[in-house]
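K.L.:
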Amino acid sequence: MNTRQTKQKYKQIILNHMLAGKSLSTYEAYDLYNITCFLQRISELRDQGVTIQDEWVKNNDKRFKRYWIDQPIPQTVEGV
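At the far end of the sequence shown sits residue 152, using our numbering, and the numbering has no gaps.
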């Protein structure tokens, strides 16, 4: 699998996870799917028109962002 296919695969994994109504953090993306460039994939999905919400969360004195999709995405998102 080449780099482009890997990026597409990871974007699809993230998108499917969020479309299932679940949120995801950087740590969870790595822990669940071994995705190390999670924030880059989020940025690419947003650039393709996917509206991804985020919020800062504090847990055990550590802050991190959690990402999710509130509503269905347009059917015309390219490359996903």
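From the three backbone atoms N, C-alpha and C, an ideal C-beta is built for every residue, glycine too. Since the structure is predicted, the reported quantities are computational estimates derived from the model, not experimental observations.
1. Compute the distance between the beta-carbons of residue 85 and residue 105, then report whether it is under 8 Å.
2. So, residue 137 versus residue 97, is the Cβ gap smaller than 8 Å?
3. Using a Cβ-Cβ cutoff of less than 7 Å, which residues in the same chain neighbour residue 128 once the five nearest sequence positions on both sides are dropped?
4. Assign residue 155 to one of two classes, buried (16 or more other C-beta atoms within 10 Å of its C-beta) or exposed (fewer than that).
5. Buried or exposed for residue 118, please, with buried defined as at least 16 other CB atoms from any protein chain shown within 10 angstroms of its CB.
P.N.:
Result, derived from the coordinates:
1. yes
2. yes
3. 135, 137
4. No answer is possible for residue 155: the residues shown for the chain start at 73 and end at 152.
5. exposed
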